[in-house]
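One structure below.
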Amino acid sequence: MSEDVSTVPGDKTICLPIGDGVEYDTLVQDRKAFRQYLDQQIAQHPELFPAEMEAGYCFHGFRTSAKLGLVSRRIRLVANGEAYQLRPDFVMPYMIGNTEDVEKGLYLRQFGVPFDAIAHVLGKDAMYWYRASQSLGRPSIVGTTIKDGEAIPPSSVKR
Amino acid sequence: MGRPFPPHLLSDEKHTWWQGERVYVATTVGEGCILGAQLSVGAGSEALQEAYRVFAQEARELDSHYSPQTLNTDGWEATQNAWRGLFAGVNLILCFLHSVLAIGQRCRLQGELWQSLQDKLWNIYHAPDAAEFIERLRHLQAWAIGQNLPESVMTKILNLSVKASHFTLAYQFPEAHRTSNMLDRLMNYQDRVLFAMQYFHGYQDSANLTLRAMAMLWNFHPYGRRSQSNATDTVSPFEELNGFYYLSDDNEGSG
Chain A
2 MSEDVSTVPG
12 DKTICLPIGD
22 GVEYDTLVQD
32 RKAFRQYLDQ
42 QIAQHPELFP
52 AEMEAGYCFH
62 GFRTSAKLGL
72 VSRRIRLVAN
82 GEAYQLRPDF
92 VMPYMIGNTE
102 DVEKGLYLRQ
112 FGVPFDAIAH
122 VLGKDAMYWY
132 RASQSLGRPS
142 IVGTTIKDGE
152 AIPPSSVKR
Chain B
6 MGRPFPPHLL
16 SDEKHTWWQG
26 ERVYVATTVG
36 EGCILGAQLS
46 VGAGSEALQE
56 AYRVFAQEAR
66 ELDSHYSPQT
76 LNTDGWEATQ
86 NAWRGLFAGV
96 NLILCFLHSV
106 LAIGQRCRLQ
116 GELWQSLQDK
126 LWNIYHAPDA
136 AEFIERLRHL
146 QAWAIGQNLP
156 ESVMTKILNL
166 SVKASHFTLA
176 YQFPEAHRTS
186 NMLDRLMNYQ
196 DRVLFAMQYF
206 HGYQDSANLT
216 LRAMAMLWNF
226 HPYGRRSQSN
236 ATDTVSPFEE
246 LNGFYYLSDD
256 NEGSG
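In the order they appear, the protein sequences are chains A and B. Numbering of the first sequence is given in this note's numbering, commencing with residue 2 and proceeding in unit increments. Numbering of the second sequence is given in this note's numbering, commencing with residue 6 and proceeding in unit increments.
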C-alpha cells in the first residue's frame, strides 16, 4: 500500500453539526442562510472542515437520499476543486438512517451483541445493523478521534 | 481547544482467527483510545509494517511530520522493526510487565519464590533513575545466582541485562508508557467482542472494517455511570483525549 493512497473511502463527506432549533429542511433550500450557517459552523468547529475551506467554497448542487428523502448540499473548494457532501449530523453516513435511531443498536455492538439480537430488539434486520456497524469503520480512526485545533491542521481531518 | 497528538503510544498484535487461520490485529493505542487496528495475515516485519502503515498514514494526514516520541511494545522483534521502518526516530521502550510475567510463568508452581521475585522485580521497576535501575538489577542477579533457581527462571533474569537499555530509555521520557497496561485493557475489549462474534469468516476488507468500527465504538463509548461519578468528570475516551465533547444527553458540549 503506497503512502499517498488514502485509506479513507468515505472522506468526501463533511458531517455538518445541526444545532437545536435549526430547521434543516428550510435551511438547506435557502442558499444565503445556508452559507451563513456554514460559515458560523466553520468558525466554531474548524477541525471538522478541510483547511482549504479558508480559501473559499462554492455550492455544487444537491444530493437527495432515496431512503430518507433528505436533501443535502455539496460544496466545491476553491483551493483545490475538491467536492464534498455536507451531511447533517442527525443522519448516519450514506444516509442509512437517523443517528438517533441507529445509536442504540451501535451502543449494543460495543458489547458484541449479535446483529440478529439487535434486530430482534430494535427492529430492522440483521444486515441493516451489520451495514450500520461496518460504516463506522470507513472514516479515518485517527482523524475522527483526534481533534486538535492547534497542533493538527484541521484540513486533513477527513470524515 | 484540543490537546497535542499523543506523543507516547503503545502497540501490539491481537491474535485472532480469520477463516480458521491465525491472524494478527496490529493495534495502536494512545491516551486510552484505539488509534489503529488493521488485520495482518503474517507476524513478520514486512506484514506488520503494512498493517501499522495504515495508522502512520492516517496520522500523517493530520500532521505530515508526525512521529511518536516513544512506543511501548512487547519483545516481539518484528513489531519493533515494523515501527522503526515507519517512524525512523521513534524510541522503542520495552514493556517491563511482559518480562515480569515471563518470569512468573516459569515459576508458577513455586509460590514463595514467585512472591519474592515479584517484589524484587517491581522494586527494580520503581527505581528513581536509570543508574539505580541498573544497580537494583545487578543486586537481583547477584541474589538469584545464590538461590539455585530453575534454569529457565535464571536465564530470564540474566536476560534482563540484555534488555536493560530498552527499559531505562523510559527515564528520558517521564510521560512514556513503561508497561503495556493501557493497551492490554483495550485489547481485552477487542478480545471479548471478537470472541462474541466467533472471529472472522468473511472478506479481509470487511474484517478490517469491523476492527475499525470496534475502535470507533470504543473511542466514543460513554463511560458507565459509576466510572463517570468516580475519579473523572469525562464522559468518554474521546473527551479524555481531546478535552471536550460535541454533544451530551442534554445537547450541550464542553470545552
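We put the CB at the ideal spot given by N, CA and C, even for glycine.
Taking 7 Å as the CB-CB limit, is A:S66 close to chain B? Walking along the first sequence from the start, residue 66 of chain A turns up at place 65. When Cβ-Cβ separations below 7 Å define contact, A:S66 makes no contact with chain B.
Which same chain residues, not among the five before or five after A:R74, have their C-beta less than 7 Å away from its C-beta? Position 73 of the first sequence, counting from 1, holds the residue named residue 74 of chain A. These residues qualify, in order along the chain: V29, F35, F60, F63 and L87.
Where A:R110 meets chain B, residues with beta-carbon distance less than 7 Å: Position 109 of the first sequence holds residue 110 of chain A. Under the 7 Å cutoff, chain B gives L222.
B:K19 bridges to which residues according to DSSP? Taking the first residue of the second sequence as 1, we reach residue 19 of chain B at position 14. DSSP output for B:K19 lists B:V30 as bridge partner(s).
May I ask you to report which of helix, strand or coil DSSP gives A:I15? Counted from its first residue, the first sequence places residue 15 of chain A at position 14. When secondary structure is reduced to three states using DSSP, A:I15 falls in the strand class.
Chain A beta carbons: is any one of them nearer than 7 Å to that of B:A64? Numbered from its first residue, the second sequence carries residue 64 of chain B at position 59. So, interface residue.
Beta-carbon proximity of B:A87 to B:L44, cut-off 7 Å: Within the second sequence, numbered from 1, the residue matching residue 87 of chain B stands at position 82. Within the second sequence, numbered from 1, the residue matching residue 44 of chain B stands at position 39. In this structure, B:A87 sits away from B:L44, with a CB-CB distance that is not shorter than 7 Å.
Since B:R217 meets chain A, which of its residues come closer than 8 Å, beta carbon to beta carbon? If you number the second sequence from 1, residue 217 of chain B lands on position 212. What B:R217 touches in chain A: L137, G138, R139 and I142.
With a CB to CB cut of under 7 Å and the five nearest residues on each side skipped, what residues in its chain are close to B:G258? Here residue 258 of chain B corresponds to residue number 253 of the second sequence, with the count starting at 1. With a pLDDT of only 49 at B:G258, under the threshold of 50, the placement of this residue in the model should not be trusted; the figure read from the coordinates follows. F249, Y250, Y251 and L252.
Are B:Y71 and B:A31 closer than 7 Å when you measure CB to CB? The residue you call residue 71 of chain B lines up with position 66 of the second sequence. The residue you call residue 31 of chain B lines up with position 26 of the second sequence. No; because the gap between Cβ atoms is not below 7 Å, this pair is not in contact.
Best match in B:L199, B:L216, B:R27 and B:M187 for proximity to B:V34 [C-alpha to C-alpha]: Here residue 34 of chain B is taken as the residue at index 29 of the second sequence, counted from 1. Ranking B:L199, B:L216, B:R27 and B:M187 by Cα distance to B:V34 puts B:M187 first.
With 9 Å as the limit, tell me which residues of the segment 189-216 of chain B have their beta carbon closer than that to any beta carbon of chain A; keep them in chain order. So the close ones are Y194, R197, V198, L199, F200, A201, M202, S211, N213, L214, T215 and L216.
Uninterrupted alpha helix (DSSP H) stretches inside the segment 21-81 of chain A (no shorter than 4 residues): Fully enclosed alpha helix (DSSP H) runs of 4 or longer: 25-30 and 32-45.
DSSP state of B:S185, grouped into three classes? Here the question's residue 185 of chain B lines up with position 180 in the second sequence. Coil at B:S185, not helix or strand.
When the cut-off is 7 Å and only beta carbons count, does B:N86 lie next to chain A? Position 81 of the second sequence holds residue 86 of chain B. Chain A, which has no Cβ nearer than 7 Å to the Cβ of B:N86, makes this no.
Among the candidates B:L216, B:W223 and B:N224, whose CA atom is the shortest distance from the CA of B:A42? As a first step, residue 42 of chain B is located in the second sequence; it is residue number 37 there, counting from the start. Of B:L216, B:W223 and B:N224, the residue nearest in Cα terms is B:L216.
Using DSSP bridges, identify the partner residues of A:R88. Position 87 of the first sequence holds residue 88 of chain A. A:R88 is bridged to A:C16.
Do you know whose CA, among B:N213, B:G47, B:Y29 and B:P227, lies nearest A:I142's CA? By 1-based counting over the first sequence, the position of residue 142 of chain A is 141. It is B:N213.
Can you check whether the C-beta of B:H70 is within less than 7 Å of a C-beta belonging to chain A? One-based indexing of the second sequence puts residue 70 of chain B at position 65. Closer than 7 Å to the CB of B:H70 there is not a single CB belonging to chain A.
Neighbourhood of B:R183 by C-beta distance below 8 Å, restricted to the same chain and skipping five residues each side: Translated into positions along the second sequence, residue 183 of chain B becomes position 178. For B:R183, where only same-chain residues beyond five positions count, the Cβ hits under 8 Å are N77, I98, C100, F101, Y130, F172 and A175.
Below 8 Å, can you find three or more Cβ-Cβ pairs linking the segment 104-117 of chain A to the segment 37-57 of chain A? No, because fewer than three Cβ pairs between the segment 104-117 of chain A and the segment 37-57 of chain A fall closer than 8 Å, the two stretches do not touch.
Going by CA-CA distance only, name the one from B:L165, B:Q62, B:E18 and B:K19 that's closest to B:L106. Position 101 of the second sequence, counting from 1, holds the residue named residue 106 of chain B. That would be B:L165, whose Cα lies nearest to the Cα of B:L106.
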